[in-house]
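Presented below is the structure to which this report refers.
Numbering (my numbering), first residue to last: 1 to 236.
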């Protein structure tokens with residue numbers, strides 16, 4: 001999938017059916033931002049198939065589709081690292097992700113807040129059934145793993161139960177998960193001590209996986225915001 005530019009390439013994605021690999025798109029006169037933090041530069045962008053093949057002054061180049069981007073920004077696709085779109089994308093009629101593309105999103109991380117299925121292979125099949133309009137990175141939820149092992153009980157996991165949770169996380173990582181998510185603000189995540197989540201994060205670490213969290217406190221409900229953020233940092 002190409003990195004669709006905000007508004008411009010999104011409109012092309014919504015308006016046109018899938019095209020052959022050789023199809024070319026030339027975006028002219030845009031304010032190009034490459035995502036590196038540098039200021040935008042006025043340039044043209046030539047895309048062939050699923051690759052950006054040239055950036056610069058391409059005013060003498062022709063293409064199958066020509067887009068005048070005067071006054072508009074051309075950027076890489078945005079990444080939503082905390083998205084609740086996963087269930088919708090697995091639904092017939094929503095998998096093409098038109099609302100997400102219209103906002104410039106081309107990649108989402110599914111299963112945030114410690115939730116989502118533990119069978120990521122089955123989720124992937126459901127997501128890919130009707131074709132996806134965006135890239136999807138799957139996370140394995142701590143809360144889902146905990147619920148699978150000890151349900152909604154408010155207690156510390158036994159060593160044997162923690163081993164079973166480790167196995168769930170390891171299997172998910174082997175199946176291609178990008179990392180671990182937690183929701184220690186919610187049940188059952190808030191029943192788990194930080195040490196439990198740290199042990200599961202150790203499973204993720206050799207895969208160079210990520211850790212995301214809806215932290216344990218947002219104000220002064222329990223441990224306080226600063227302590228909650230420190231917990232996330234320590235786990236990660």
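Quick reminder that beta carbons are idealized off the backbone N, C-alpha and C, glycines included.
A straight line joining the alpha-carbon of residue 146 with that of residue 75 spans about 40 Å. Counting along the chain, the unbroken alpha helix (DSSP H) around residue 126 starts and ends at 120 to 128. Per the coordinates, the alpha-carbon of residue 97 lies some 33 Å from the alpha-carbon of residue 228.
Taken in chain order, the complete alpha helix (DSSP H) segments of 4 or more residues contained in the segment 64 to 137 are 86 to 89, 98 to 102 and 120 to 128. The three-state secondary structure of residue 147, taken from DSSP, is helix.
Assignment of beta-bridge partners to residue 160 by DSSP yields no partner. Residue pairing by DSSP places residue 43 opposite 30 in a beta bridge. When C-alpha distances from residue 211 are compared across 99, 197 and 124, the shortest belongs to 197. In this structure, the CA atom of residue 94 is about 10 Å from the CA atom of residue 127. Per DSSP, reduced to three states, the secondary structure at residue 211 is strand. Counting only runs of 3+ residues, the beta strand (DSSP E) found wholly inside the segment 153 to 199 occupies 179 to 183, in chain order. DSSP places residue 231 inside the alpha helix (DSSP H), whose first and last residues are 225 to 235.
By the C-beta density criterion, residue 182 is buried, having at least 16 other C-beta atoms within 10 angstroms.
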